[in-house]
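Protein chains in written order, with my numbering: chain P, 675 to 894; chain Z, 6 to 236.
Virtual Cβ for every residue (Gly too), placed ideally from N, Cα, C.
In this text the structure is predicted, and so the values were computed from the model without any measurement.
Some notes on the structure that comes next.
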Ligand SMILES: Nc1nc2c(ncn2[C@@H]2O[C@H](COP(=O)(O)OP(=O)(O)OP(=O)(O)O)[C@@H](O)[C@H]2O)c(=O)[nH]1
Ligand SMILES: [Mg+2]
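What follows is the structure in structure tokens.
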């Protein structure tokens, strides 16, 4: 199918709920770990090499058609924070809704029926790429791009960061996104047991704290 | 393990009038408008007015707190399981217009957990005059402004004032104190809206929400008069 389908899926306007999530950036901004474009870049770099790589592996594996039950369990095992698990399943449901409206077909219908409470977002992302006729590389690229794109958009809103600078950060990180996507795809081709399990403990800890804040702009 | 390809009807995808089991879903009415105009007060008053005769639920879209949900809980206008709060990531209009997925999740979850429901009210976070609801999320929308925000708002127009199915001009009790000319507001609104209705309310009295409640009942009657689901 067409390459342009990838652009539709990766577009920040794709209505899958991501706009309400900061990818941990809100907690990092509050703690003073992100104050400017350099801080955003460092944050995204760390995220790409950890949870981004893990998400990209799961997405690539789902795009290859690996068993979604196994992948969903693999995602659970790689997501120790209950708050992030809940967010991932909720976003998985929201993405599923958009995906079924956009690329309707029996594959997504079956996945939705199998996980009525939502499968993990990277698993749904991979299945969506597959439904759109795109392969594991593209699914992994989408996951990697979201890993940095979410915090970048959130930081523009939270800090009033210059949007040109935020976008330049994403451009500078593009080679890293490519590399992460390539590693994730290679692992996914070896099978579910070979999927990356990199994690970022500080993101898990701050996600739990963030979920308990009484006042916040973003859902996670 | 392989997925069963037999189930093709889990969850609706968009604004289907029917639930996956074929029954008619609840009527969904959105309430939008500038910050502090009285959206939550209208929701609370509507709940008090309608809850004895209808099965109701509310979705709130707070911008950075859970204040609207907490106000409704504190006022006990509905049991807590009938009130859901959606988080909007600093962009209230995105959640009601450009990416409605979180709100659709919330309304469907309410129907699943406390349904069957007749009516779901979706309150947007306070926003600007251009904020309107997607037709994929709600069946009708109410735009709430108030007399204290300036009596030139109806004249300024904008999508909310011009196209909402009902325009509510709230806090009429304050008009004398802020020097707002209600007659002028009514004339300007009529000019912007043609035949679309306008209700002037003051929620300081328990009966103040009456015209809005009457309008909601009419919408509900029209909704239930639609042909019965065939599935
Ligand atoms: N005098 C007067 N005050 C009102 C009326 N309706 C609401 N208020 C008050 O106006 C304030 C704001 O009302 P809300 O219902 O919270 O407004 P809102 O539109 O939900 O506000 P946001 O959700 O923050 O955008 C509260 O203090 C209400 O008590 C009214 O008819 N007359
Ligand atoms: Mg309110």
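Self-check item: Neighbouring residues, chain P, relative to residue 94 (chain Z) (Cβ below 8 Å)
Solution: For this step, residue 94 (chain Z) is matched to residue 89 along the second chain. Within 8 Å Cβ-Cβ: 693, 694, 695, 696, 828, 831, 891, 892 and 893.
Quiz item: residue 677 (chain P) touches chain Z at which residues, Cβ-Cβ below 8 Å?
Solution: As a working note, residue 677 (chain P) is residue 3 in the first chain. Simply none; closest approach about 24 Å.
Quiz item: For residue 794 (chain P), which three-state DSSP category applies?
Solution: Residue mapping note: residue 794 (chain P) aligns to position 120 of the first chain, counting from 1. Three-state result, residue 794 (chain P): coil.
Quiz prompt | Member of Z:87, Z:104, Z:220 and Z:96 whose CA lies at the smallest distance from the CA of residue 116 (chain Z) | solution = Translated into positions along the second chain, residue 116 (chain Z) becomes position 111. The option with the nearest alpha carbon to residue 116 (chain Z) is Z:87.
Quiz item: Within this structure, are the beta carbons of residue 120 (chain Z) and residue 694 (chain P) separated by less than 9 Å?
Solution: Position 115 of the second chain, counted from the start, is the residue given in the question as residue 120 (chain Z). Position 20 of the first chain, counted from the start, is the residue given in the question as residue 694 (chain P). Taking 9 Å as the Cβ cut-off, residue 120 (chain Z) and residue 694 (chain P) do not qualify as a contacting pair.
Practice problem: Establish whether the CB of residue 888 (chain P) and some CB of chain Z are separated by less than 9 Å. | Solution: The residue labelled residue 888 (chain P) in the question sits at position 214 within the first chain. True, the Cβ-Cβ gap to chain Z drops below 9 Å.
Self-check item: Positions along the segment 766 to 784 of chain P whose CB lies within less than 9 Å of some CB in chain Z
Solution: 767, 768, 769, 770, 771, 772, 774, 775, 778, 780, 781, 783 and 784
Quiz item: Shortest alpha-carbon distance to residue 736 (chain P) belongs to which of P:836, P:806 and P:832?
Solution: What you label residue 736 (chain P) is simply residue 62 of the first chain in a count that begins at 1. With distances taken between Cα atoms, residue 736 (chain P) lies closest to P:806.
Quiz prompt | Reference residue 228 (chain Z); option with closest CA among Z:195, Z:214, Z:145 and Z:85 | solution = Taking the second chain and counting its residues from 1, the one referred to as residue 228 (chain Z) is at position 223. That would be Z:145, whose Cα lies nearest to the Cα of residue 228 (chain Z).
Self-check item: chain Z residues whose Cβ lies nearer than 8 Å to that of residue 690 (chain P)
Solution: Start at 1 with the first residue of the first chain, and residue 690 (chain P) comes out as number 16. The answer, in chain order, is 104 and 106.
Quiz item: Taking 9 Å as the CB-CB limit, is residue 30 (chain Z) close to chain P?
Solution: Translated into the one-based positions of the second chain, residue 30 (chain Z) becomes position 25. Not closer than 9 Å to any Cβ of chain P, the Cβ of residue 30 (chain Z) fails to qualify, so no.
Quiz prompt | As assigned by DSSP and simplified to three states, the class of residue 123 (chain Z) | solution = Here residue 123 (chain Z) is taken as the residue at index 118 of the second chain, counted from 1. Three-state DSSP puts residue 123 (chain Z) in coil, outside helix and strand.
Practice problem: Classify residue 802 (chain P) as helix, strand or coil using the three-state DSSP reduction. | Solution: Taking the first chain and counting its residues from 1, the one referred to as residue 802 (chain P) is at position 128. Correct three-state label for residue 802 (chain P): helix.
Quiz item: How about residue 145 (chain Z): is its C-beta nearer than 9 Å to some C-beta of chain P?
Solution: In the second chain, the residue the question calls residue 145 (chain Z) occupies position 140. It does not: the Cβ of residue 145 (chain Z) has no partner Cβ on chain P nearer than 9 Å.
Quiz item: How would you list, in chain order, the residues of chain Z whose beta-carbon sits under 9 Å from the beta-carbon of residue 764 (chain P)?
Solution: Taking the first chain and counting its residues from 1, the one referred to as residue 764 (chain P) is at position 90. Near residue 764 (chain P) (Cβ distances below 9 Å), the residues of chain Z are 107 and 110.
Practice problem: Take the Cβ of residue 223 (chain Z) as the centre, count every other Cβ of all protein chains shown within 10 Å, and call the residue buried at 16 or more, exposed below. | Solution: Residue numbering aside, residue 223 (chain Z) sits at position 218 when the second chain is read from its first letter. Looking at its Cβ environment, which holds fewer than 16 other Cβ atoms inside 10 Å, residue 223 (chain Z) is exposed.
Quiz item: Using a C-beta cutoff of 9 Å, does residue 69 (chain Z) count as contacting chain P?
Solution: In the second chain, counting from the first residue as 1, residue 69 (chain Z) sits at position 64. Yes, residue 69 (chain Z) lies at the interface with chain P (some Cβ there is under 9 Å from its Cβ).
Practice problem: Look at the alpha carbon of residue 677 (chain P) and the alpha carbon of residue 766 (chain P), and state the distance between them as a whole number of angstroms. | Solution: As a first step, residue 677 (chain P) is located in the first chain; it is residue number 3 there, counting from the start. As a first step, residue 766 (chain P) is located in the first chain; it is residue number 92 there, counting from the start. Going from the Cα of residue 677 (chain P) to the Cα of residue 766 (chain P) covers about 23 Å.
Quiz item: In terms of residue numbering, what span does the alpha helix (DSSP H) encompassing residue 783 (chain P) cover?
Solution: By one-based count along the first chain, residue 783 (chain P) stands at place 109. Unbroken alpha helix (DSSP H) run through residue 783 (chain P): 780 to 788.
Exercise. Apply the 10 Å Cβ neighbour rule to residue 883 (chain P) and answer buried if 16 or more other Cβ atoms are within range, or exposed otherwise.
Key: Against the first chain, residue 883 (chain P) aligns to sequence position 209. Exposed, because fewer than 16 other Cβ atoms sit within 10 Å of the Cβ of residue 883 (chain P).
Quiz item: So what does residue 29 (chain Z) bridge to, in DSSP terms?
Solution: Here the question's residue 29 (chain Z) lines up with position 24 in the second chain. For residue 29 (chain Z), which the question treats as bridged, DSSP gives the partners Z:23.
Practice problem: Please decide whether residue 22 (chain Z) counts as near chain P, where near means a Cβ-Cβ distance under 9 Å. | Solution: Counting from 1 along the second chain, the entry for residue 22 (chain Z) is found at position 17. Answer no: the Cβ-Cβ gap between residue 22 (chain Z) and chain P never drops below 9 Å.
Quiz item: Pick out every residue whose C-beta is nearer than 6 Å to a heavy atom of ligand 2: which are they, in chain order?
Solution: Z:44, Z:45, Z:73 and Z:128
Practice problem: Tell me whether the beta-carbon of residue 41 (chain Z) lies closer than 9 Å to the beta-carbon of residue 165 (chain Z). | Solution: On the second chain, position 36 is the one that residue 41 (chain Z) refers to. On the second chain, position 160 is the one that residue 165 (chain Z) refers to. No, the pair does not count as a contact, with Cβ atoms beyond the cut-off.
Quiz item: Quick one: does the C-beta of residue 179 (chain Z) sit closer than 8 Å to a heavy atom of ligand 1?
Solution: Residue numbering aside, residue 179 (chain Z) sits at position 174 when the second chain is read from its first letter. It does: the Cβ of residue 179 (chain Z) is within 8 Å (strictly closer) of some heavy atom of ligand 1.
Quiz item: How is residue 205 (chain Z) classed by DSSP in three states: helix, strand or coil?
Solution: Locating residue 205 (chain Z) in the second chain gives position 200, where the first residue counts as 1. Residue state, collapsed to three classes: strand.
Quiz item: So what does DSSP say about residue 154 (chain Z), is it helix, strand or coil?
Solution: The residue given as residue 154 (chain Z) occupies position 149 in the second chain. Three-state result, residue 154 (chain Z): helix.
Quiz item: Counting Cβ pairs, one atom from each stretch, are 3 or more of them under 8 Å apart for the segment 795 to 810 of chain P and the segment 772 to 781 of chain P?
Solution: yes
Quiz item: Just how far apart, CA to CA, sit residue 184 (chain Z) and residue 202 (chain Z)?
Solution: As a first step, residue 184 (chain Z) must be located in the second chain, where it is residue number 179. As a first step, residue 202 (chain Z) must be located in the second chain, where it is residue number 197. So the alpha carbons of these two residues sit roughly 24 Å apart.
Quiz item: Cβ of residue 209 (chain Z) within 8 Å of any heavy atom in ligand 1?
Solution: As a working note, residue 209 (chain Z) is residue 204 in the second chain. For ligand 1, at least one heavy atom lies less than 8 Å from the Cβ of residue 209 (chain Z).
Exercise. Give the DSSP-derived three-state secondary structure of residue 172 (chain Z) in the structure shown.
Key: Start at 1 with the first residue of the second chain, and residue 172 (chain Z) comes out as number 167. Residue 172 (chain Z): strand per DSSP, three-state reduction.
Quiz item: Below 9 Å between beta carbons: does that hold for residue 43 (chain Z) and residue 127 (chain Z)?
Solution: Along the second chain, one-based indexing puts residue 43 (chain Z) at 38. Along the second chain, one-based indexing puts residue 127 (chain Z) at 122. Against a cut-off of 9 Å, the Cβ pair of residue 127 (chain Z) and residue 43 (chain Z) comes out as no contact.
Exercise. Please find out if some non-hydrogen atom of ligand 1 comes closer than 8 Å to the beta-carbon of residue 809 (chain P).
Key: Walking along the first chain from the start, residue 809 (chain P) turns up at place 135. No - ligand 1 has no heavy atom lying nearer than 8 Å to the Cβ of residue 809 (chain P).
Exercise. Counting only the same chain and skipping the five closest in sequence on each side, list residues whose C-beta sits under 8 Å from that of residue 213 (chain Z).
Key: Along the second chain, read from residue 1 onward, the residue named residue 213 (chain Z) stands at position 208. Result list for residue 213 (chain Z): 50, 206 and 207, in chain order.
Quiz item: How would you list, in chain order, the residues of chain P whose beta-carbon sits under 7 Å from the beta-carbon of residue 99 (chain Z)?
Solution: Your numbering for residue 99 (chain Z) matches position 94 in the second chain. Under the 7 Å cutoff, chain P gives 693.
Quiz item: So is the beta-carbon of residue 91 (chain Z) under 8 Å away from any non-hydrogen atom of ligand 1?
Solution: Residue numbering aside, residue 91 (chain Z) sits at position 86 when the second chain is read from its first letter. Checking the Cβ of residue 91 (chain Z) against ligand 1 gives no.
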